[in-house]
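See below for the structure under consideration.
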């Protein structure tokens, strides 16, 4: 259910694309995210609202505030709690994509290539990123793995 709520919120919400940052809001929302993690309330409406409506610039400020105030990145904090739990995995993956989508897609490709055979992840990345940033992902893959894609 969380995955459905998160995906619907991400594709249907209005997202401001400007470069303005509200530092007070970033701190407040970083604290709200921290409390949601502490209470294991990953489907909390506030978390969905923050992730789905804030600009990438504002979210980056929120993630930086989280790291500064809580001495761990939001992504790392979620990763330590993940262990196959889809309620944590969905927001964790969303945050990784927001932080650095090329890095996320490079990891998907790397994991798909490590396994034998064609993987759905490999196909999905190639098809969806071909006209956008596949060249950048390819370069990042080479930097991280010393093997051309």
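In UniProt numbering, the protein residues as written are 1 to 149. The C-beta atom is built at its ideal place from N, Cα and C for all residues, glycine as well.
- Message: Taking a contact to mean a Cβ-Cβ separation below 7 Å, would you say residue 108 touches residue 125 in this structure?
- Response: Yes.
- Determine the closest residue to residue 88 out of 78, 22 and 137, with distance taken between C-alpha atoms. Nearest option by C-alpha distance: 78.
- Item | DSSP three-state assignment for residue 134, whether helix, strand or coil | Taken through DSSP and simplified to helix, strand or coil, residue 134 comes out as helix.
- Task: Taking 7 Å as the cut-off, decide whether the C-beta atoms of residue 65 and residue 103 are in contact.
- Result: No, the pair does not count as a contact, with Cβ atoms beyond the cut-off.
- When DSSP labels each residue in this structure, what does residue 100 get in the three-state scheme? Coil, per DSSP.
- Kindly indicate which three-state DSSP category residue 129 falls into: helix, strand or coil? It is helical.
- Message: Taking the alpha helix (DSSP H) that residue 27 belongs to, which residues open and close that run?
- Response: 23 to 38 is the span of the alpha helix (DSSP H), which, as asked, contains residue 27.
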